[in-house]
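Single-structure report; data block below.
Residue numbers (our numbering): 1003 to 1326.
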């Protein structure tokens, strides 16, 4: 037993000798964590020892998703200095480097567009993986993934997950119970909308028109993907796009009343995307500047006040009549 372990053991004994019988009863009844009675420095030392051993499990048995989940869960919810959203993210979607330098692949690193759970295998040993344990643990992994993606404001990956959860999987590709899949799908969609709204509020408070326009284009892309893959949630995402459009146009002092704001928002975003693509093409291929200049001249950035506006058909018809 090394000095640190002896110090931890002695510290525990000293702490618990001071706990009265009544407090002991409360601990057992309310499941109070043993770490509530340990100072932060010692707590973090205990955490680090546990992390090293979990990392050893993950290194020796990379398919043991339970070890990866426990590591990720700790980094997400740890009360001490070991808390890290980035490491939690790496253990779920990226690659994680252990304290000894070993590289461990995240639980969902091998995901594909048609199978988010690609690369995850049931553990054949019944001693490790009891009946129903596989689906239950994967449900926990997905819940944790949604939580960390929300914390990191990663709406793109949340939407990707929601699209996958929306599809009814084939019989041989069911990784979740149907009730859990539906619940997680709804949670992912709600979290994606929450992230977009929080971003919109934060950027609108900053009064940065360029960032607001870029965010509106991001929301436009989310809406477009939703229309293609999750049609039933179209209204939920369109309301966020309209909200962003109204905020942006109010800042420009060009908000039109009594018109289809969704249609105008879609036209505005398509216009700006077209402009940016043309500009990028001109910058990356200077030899074709002359040939692309005529195309670019028809497209102006939204920032130059060339914002699509609704056309009143009655006014157009009246002008034609007056000319006659």
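Where a beta carbon is used, it is the ideal one built from N, C-alpha and C, also for glycine. Computed from a predicted structure; not experimentally measured.
Residue 1061 has its alpha-carbon roughly 19 Å from the corresponding atom of residue 1143. Note on geometry: alpha-carbon atoms of residue 1186 and residue 1175 lie some 17 Å from one another. In the three-state reduction of the DSSP assignment, residue 1177 falls in the coil class. Residues of the same chain with a CB within less than 7 Å of the CB of residue 1167, apart from the 5 flanking positions on each side, are 1183, 1186, 1187 and 1190 in chain order. DSSP links residue 1105 through a beta bridge to 1099.
By a beta-carbon distance limit of 8 Å, residue 1067 contacts residue 1122. Their separation comes to about 6 Å.
Assignment of residue 1260 by DSSP, reduced to helix, strand and coil, places it in the coil class. Exclusion of the five residues before and after residue 1086 leaves 1077 as the residues of its chain whose Cβ lies within less than 6 Å of its Cβ. The three-state reading of DSSP puts residue 1276 in helix, counting H, G and I together. If the five residues before and after residue 1097 are omitted, its C-beta is found closer than 8 Å to the C-beta atoms of 1105, 1106, 1107, 1108 and 1111, all from its own chain and listed in chain order.
Contact between residue 1247 and residue 1218 holds, with the beta-carbon distance rounding to 6 Å and staying under 8 Å. Counted as a single uninterrupted DSSP element, the alpha helix (DSSP H) harbouring residue 1219 occupies residues 1211 to 1231. The stretch 1225 to 1235 makes no contact with the stretch 1201 to 1217, as fewer than three CB pairs between them are under 8 Å. Non-local beta-carbon contacts of residue 1146 in its own chain, meaning distances under 8 Å to residues more than five positions away in sequence, involve 1071, 1074, 1075, 1078, 1090 and 1094 in chain order. By the Cβ-count criterion, residue 1221 is buried, with 16 or more other Cβ atoms from all chains shown falling within 10 Å of its own Cβ. Per DSSP, the beta-bridge partners of residue 1117 are 1114. If you check the CB distance, residue 1211 and residue 1253 come in under 8 Å. Here residue 1086 carries a coil assignment [DSSP, helix/strand/coil].
A distance below 8 Å between beta-carbons, with the five flanking residues on each side excluded, links residue 1205 to the following residues of its chain, in chain order: 1213, 1214 and 1217.
Leaving aside the five residues that flank residue 1042 on each side, the residues in its chain whose CB is nearer than 7 Å to its CB run, in chain order, 1082.
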